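Chemist: Throughout the sequence shown, residue numbering follows my numbering, covering 206 to 465 in sequence. For every residue, glycine included, the Cβ atom is placed at its ideal position computed from N, Cα and C. Quick caveat: nothing in here was measured; it's all calculated off a predicted structure.
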Amino acid sequence: MNIGVIGCGNMANSIVYSITKRQKHQIFCYDVDILKAEKFNNLYGATILMSESEVVLSCDIIIIAVKPKDIFNVLKKIKGLVDNKIIVSIAAGISIDRIKDMIGEKKIVRVMPNVNISVEEGILGMCFSESIVDSEKEKIKELFESMGKVIVVEEKSIDAITALFGSGPAFVAHFIESYIDAAVKLGFSKQESYDLVLKLFYGTIVNMKNNMLTTHQIKDMVTSPGGTTIEGLVEFERRALKGAIIDGIVKAYERSKSIL
Numbered sequence: 206m207n208i209g210v211i212g213c214g215n216m217a218n219s220i221v222y223s224i225t226k227r228q229k230h231q232i233f234c235y236d237v238d239i240l241k242a243e244k245f246n247n248l249y250g251a252t253i254l255m256s257e258s259e260v261v262l263s264c265d266i267i268i269i270a271v272k273p274k275d276i277f278n279v280l281k282k283i284k285g286l287v288d289n290k291i292i293v294s295i296a297a298g299i300s301i302d303r304i305k306d307m308i309g310e311k312k313i314v315r316v317m318p319n320v321n322i323s324v325e326e327g328i329l330g331m332c333f334s335e336s337i338v339d340s341e342k343e344k345i346k347e348l349f350e351s352m353g354k355v356i357v358v359e360e361k362s363i364d365a366i367t368a369l370f371g372s373g374p375a376f377v378a379h380f381i382e383s384y385i386d387a388a389v390k391l392g393f394s395k396q397e398s399y400d401l402v403l404k405l406f407y408g409t410i411v412n413m414k415n416n417m418l419t420t421h422q423i424k425d426m427v428t429s430p431g432g433t434t435i436e437g438l439v440e441f442e443r444r445a446l447k448g449a450i451i452d453g454i455v456k457a458y459e460r461s462k463s464i465l
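#1: Who are the Cβ neighbours of K282 in its own chain at under 8 Å, not counting the five residues just before and after it?
#2: How many angstroms separate the CA atom of I363 from the CA atom of A297?
#3: For the candidate residues A368, T367, L405, whose alpha-carbon lies nearest to that of I385?
#4: Label K274 either buried or exposed according to how many other C-beta atoms from any shown protein chain fall within 10 Å of its C-beta, with 16 as the threshold for buried.
#5: On the DSSP letters alone, give me the boundaries of the alpha helix (DSSP H) that A438 sits inside.
#6: Among I410, T434, I266, whose alpha-carbon lies nearest the alpha-carbon of K346?
#7: Under a three-way DSSP split, which group does Q231 fall into?
#8: Measuring alpha carbon to alpha carbon, tell me which residue in Y458, V260, Q231 is nearest G371.
#9: For the beta strand (DSSP E) that N247 lies in, which residues bound it at each end?
#10: Pick from M307, K272, A251, I366: whose alpha carbon is nearest that of P318?
#11: Taking the alpha-carbon of I232 as reference, which of V355, K447, A368, I268 has the nearest alpha-carbon?
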């Protein structure tokens, strides 16, 4: 299968890395920055093409991996060439209907990945236009399953996936960074803090997953009457930490709905 990539940035690199690692497809690419396209050629054996139109004409599936502000310029250039091909957009906040407004009633897939696809541990929300048949849905789903967990949803849920899981790695990194800073404040070196805190988060997740423990069960296992853990938890509640986290994710969700 010929797969085209328009836009050869970081997310496109992660996508194509996963595709080519496990599956055999011919990759074609285009980017206004020729150096980015040449990197694709060097890493994945991709054929560099000279325009967005050439990518569409050469491929069965076209992944548009440009920034949301640039997608309409790309769609304008390819709108007369799409025919029966499948267009995959990873642009946050750009609905299938808005893509249809540019290229007509075509086969369109929206995918919202997160950066963890680079280690094949991503979460990818996916929705389809009405014109895509079940066999094509399975083909696209299989293509992206090498990158992590694929969730097929109605389009109305894509903005929630963007906030929870697209932005999620940044939020999780922020929480981890706070914990690292606390460890440094309490006398550990920066490197020790980094290594130990990553182990803490990773170990807790493995424990929950392997032993099928809930968050409440983990808290109950660690918290004793009048002890250190309850003291910290009470302070978190006093500072409304949980509410701040929820509010931050909701703000990201609202922003996702209002992009462009």
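Modeler: The relevant details are as follows:
#1: Taken in chain order, the residues that qualify are S256, E257, S258.
#2: 9 Å
#3: L405
#4: exposed
#5: Just to set this straight, residue 438 is Leu in the shown sequence, not Ala. 433-443 is the span of the alpha helix (DSSP H), which, as asked, contains L438.
#6: I266
#7: strand
#8: Y458
#9: Unbroken run through N247 is the alpha helix (DSSP H), 239-249; no beta strand (DSSP E).
#10: I366
#11: I268
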